[in-house]
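Notes to accompany the following structure.
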Amino acid sequence: MIVRPQQHWIRLIFVWHGSVLSKIFSRLLLNFLLSIAVIIMLPWYTMLGIKFTLAPFSILGVAIAIFLGFRNNACYARYVEARHLWGQLMIASRSILREVKTTLPDERGIEDFVRLQIAFAHCLRMTLRRQPQTQVLGNYLDQGALQKVVASHSPANRILLLMGEWLAIRRRSGKLSRIIILFPRESFPIFYFIASTTV
Numbered sequence: 755m756i757v758r759p760q761q762h763w764i765r766l767i768f769v770w771h772g773s774v775l776s777k778i779f780s781r782l783l784l785n786f787l788l789s790i791a792v793i794i795m796l797p798w799y800t801m802l803g804i805k806f807t808l809a810p811f812s813i814l815g816v817a818i819a820i821f822l823g824f825r826n827n828a829c830y831a832r833y834v835e836a837r838h839l840w841g842q843l844m845i846a847s848r849s850i851l852r853e854v855k856t857t858l859p860d861e862r863g864i865e866d867f868v869r870l871q872i873a874f875a876h877c878l879r880m881t882l883r884r885q886p887q888t889q890v891l892g893n894y895l896d897q898g899a900l901q902k903v904v905a906s907h908s909p910a911n912r913i914l915l916l917m918g919e920w921l922a923i924r925r926r927s928g929k930l931s932r933i934i935i936l937f938p939r940e941s942f943p944i945f946y947f948i949a950s951t952t953v
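Last residue of the sequence shown? That's 953 in the working numbering, and every number before it is there in order.
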């Protein structure tokens, strides 16, 4: 995911990274060279009585416009889908935390579960942006968990596994009943789906 600072629209025209220009540069260059050739040869063709029309350039311009239109629509559809998935993630995260806090109001380790959820969101964000994760995740995970997450092929899924283990420990100790623990488990597939979609 490309995140840019706010820039003037003139500067945005010349942005290369993430732009569609890299995909259609060869076509634009061919069109430019053809235009130069036509201008250079125009006096010679005029002497021969040959007249040029704008039809080829109009057709080429329409083709490029259609191509850019479809590409922009596809990019916007992916943007909307990403916002929808992130919204689902936040809703599921709040729902799980609400159930855990109301079920275990006196649990001293509830902060660990909260930190795991925060680490999961940061891990997804940094994976999408291809940023190093160790420093930020170190603020929310202990050293042992951090080593497991960083060494994992899919760090976000590893954090989900740690969240599941946290719930399982409370279940085995009798703090969570079998019925109560079913609700968080219903929300975990949403986490796994989003993590698998983005990685």
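Beta carbons are placed, not taken as given, at the ideal position from N, Cα and C, and that holds for glycine.
Classify Ser812 as helix, strand or coil using the three-state DSSP reduction. Three-state DSSP puts Ser812 in a helix.
Using CA coordinates, which residue listed in Leu882, Gln901, Thr857 and Arg883 is at the minimum distance from Lys929? Thr857
Let me check understanding here. Comparing Cα to Cα, which of Thr800, Ser789 and His762 lies closest to Ala809? For Ala809, the nearest C-alpha among the options comes from Ser789.
Measure the beta-carbon distance from Leu891 to His876 and round it to whole angstroms, keeping in mind my assumption that it falls under 8 Å. 6 Å
Entirely within the segment 856–890 and at least 4 residues each: give me those alpha helix (DSSP H) ranges in chain order. Annotation: the segment 856–890 contains the following complete segments of the alpha helix (DSSP H) (minimum length 4 residues), in chain order: 864–882.
State the Cα-Cα distance for the pair Lys805 and Met795, rounded to the nearest angstrom. 12 Å
Within the continuous alpha helix (DSSP H) that includes Val792, where are the two ends? Leu775 to Met801
Compute the Euclidean distance between the alpha carbons of Ser927 and Ser773, then round it to the nearest angstrom. Their backbone Cα atoms lie some 55 Å apart in a straight line.
Inter-residue Cα distance where the pair is Val953 and Arg832: For Val953, the predicted structure reports a pLDDT of 43, less than 50, and the residue's modelled location is therefore unreliable. The matter cannot be settled from this model.
Extent of the continuous alpha helix (DSSP H) to which Asn893 belongs: Unbroken run through Asn893: none, as it is neither H nor E.
From Asn785 to Leu915, what distance separates their C-alpha atoms? 54 Å
With a 10 Å radius around its C-beta and 16 neighbouring C-beta atoms as the bar for buried, classify Arg924 as buried or exposed. buried
Please go through the same chain and pick out, in chain order, the residues whose beta-carbon is closer than 6 Å to the beta-carbon of Met917, but skip the five residues on each side of it. Leu870
Between the alpha carbons of His838 and Ile913, how many angstroms are there, rounded? 22 Å
Neighbourhood of Val792 by C-beta, 6 Å cutoff - its chain only, sequence neighbours within 5 removed: Around Val792: no qualifying Cβ.
Coarse secondary structure for Ile923, derived from DSSP in three states: helix
In three-state terms, what does DSSP make of Gly928? It is coil, neither helix nor strand.
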